[in-house]
Amino acid sequence: MSQYGNLGLPLIHAGKVRELYALPDPGQLLMVATDNISAYDYVLDTTIPDKGIVLTQLSLWWFDQLSGLIDNHLISADVPQEVAGRAMIVESLDMVPIEAVARGYLTGSGWLEYQASGMVCGVPLPAGLHDGSRLETPIFTPARKAELGEHDENISYETMCAEIGEQLGARLRDATLAIYARAEQIARERGIILADTKLEFGLRADGTLVLGDEVLTPDSSRFWDAQEWSRGKLASFDKQYLRDWLVHESGWDRTTDTPPPALPPEIVAKTRERYLTAFQRLTGRELKLG
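Read in order, the letters of the sequence shown are residues 1 to 290 in full-length UniProt numbering.
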């Protein structure tokens, strides 16, 4: 259901966080980032104020940083006043049904898989790693995109290529790792470790691979304080704080079909603070709100 029905535009798709609206030009879409937040495949009942603005403004900044490396779907940030700051006019693309994930550090679902098998998405890793270990070489670990409410499924590179073709699979892998390499260096120069990131790509009619959706935000990436990491602590500027509260402190049992509980005001405030900190630390400027 649309949160921005007053725009007077046809709603094409409402995802966990973003809404897509049709524009008069058939080659263009209005992409709006809401303040919704998702965790463990649930969209939570509680929103995070200004989150959509952070996602959009940080994505715009990253598109500039990645200029010349790969085309992106941004056409303009000149959008209706009702969604100013949280929306972009973007190209309509044939989206590749793969979450393209680059991991430079072992954590999250990759850490769980490594503990069980010594591998992540079929990629064998050295013995003796721990949660937060830096990988000698970043790895590409694709996931199959699921429908809203379902789980994205980690798959091997070979499985991905069987589904989308070897040529496109190789292009996806190479683009993902190139973007991660540049972004990881930029973040490290600012005292931030980019542990991993999830990217989405689409194809133009001529076959050009284009970076789409959002890019390198606290929703789609793990950001850690570099100094704290060097001391063995994973101090995050992303939604891991919220995930940790849900599974360790809220009393919610994620193995059941019961939706997560509402977020207390202090969890909302601290999550919002982490998103704003990520923006400020990376871009070097404060985000203008309200």
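Positions of the beta carbon are idealized from the N, C-alpha and C atoms, including for glycine.
In this text the structure is predicted, and so the values were computed from the model without any measurement.
- The stretch 50 to 64 and the stretch 157 to 169 do not touch, with fewer than three beta-carbon pairs separated by less than 8 Å.
- With a minimum length of 3 residues, the unbroken runs of beta strand (DSSP E) contained wholly in the stretch 190 to 243 fall at 192 to 203, 209 to 212, 221 to 225.
- Of the other Cβ atoms in all chains shown, fewer than 16 fall within 10 Å of the Cβ of T137; this residue is therefore exposed.
- A straight-line Cα-Cα distance of about 7 Å links L199 and S220.
- A direct Cα-Cα distance of roughly 21 Å separates T56 from D41.
- Around the beta carbon of I193, 16 or more other beta carbons lie within 10 angstroms, which makes this residue buried.
- Take I186, set aside five residues on each side of it, and the residues of its chain with a beta-carbon closer than 7 Å to its own are Q65, in chain order.
- The Cβ atoms of I70 and L23 do not sit closer than 9 Å to each other.
- The C-beta of L112 has fewer than 16 other C-beta atoms within 10 Å across all chains shown, which makes the residue exposed.
- Between A235 and F201, the C-beta gap is not smaller than 9 Å, which leaves the two residues out of contact.
- The stretch 200 to 219 and the stretch 96 to 104 touch, with three or more beta-carbon pairs separated by less than 8 Å.
- Cβ-Cβ distances below 6 Å link P261 to S250, W252 in the same chain, with the five nearest sequence neighbours on each side left out; the list follows chain order.
- Rounded to the nearest whole angstrom, the CA to CA distance from I37 to T47 is 6 Å.
- With contacts defined as CB atoms closer than 9 Å, T271 and L282 fail to qualify as a contacting pair.
- The three-state secondary structure of R254, taken from DSSP, is coil.
- Under the DSSP definition of a beta bridge, N6 lacks any partner.
- If you draw a 10 Å sphere on the C-beta of E82, you find fewer than 16 other C-beta atoms in it, and that means exposed.
- Contact annotation: L168 and L209 have beta-carbon atoms nearer than 9 Å.
- Counting the other Cβ atoms within 10 Å of the Cβ of A269 gives fewer than 16, which makes it exposed.
- Beta-bridge pairing by DSSP links Q28 to E91.
- Pairing V96 with T217 gives a Cβ-Cβ distance that is not under 9 Å.
- One thing to note: R173 has its Cβ within 9 Å of the Cβ of P142.
- When secondary structure is reduced to three states using DSSP, E136 falls in the strand class.
- Only exposed fits S117, as fewer than 16 other CB atoms lie within 10 angstroms of its CB.
- According to the DSSP assignment, I98 belongs to the beta strand (DSSP E) that extends over 98 to 105.
- Judged by DSSP in its simplified three-state form, P124 adopts strand.
- By the neighbour-count criterion, in which a residue is buried when 16 or more other Cβ atoms sit within 10 angstroms of its Cβ, G165 is exposed.
- DSSP places S76 outside any alpha helix (DSSP H); the residue lies instead in the beta strand (DSSP E), whose first and last residues are 74 to 76.
- For E273, the closest of G27, P49, L44, N6 by C-alpha to C-alpha distance is P49.
- For R18, no alpha helix (DSSP H) run applies; the uninterrupted beta strand (DSSP E) run containing it begins and ends at 18 to 22, by DSSP.
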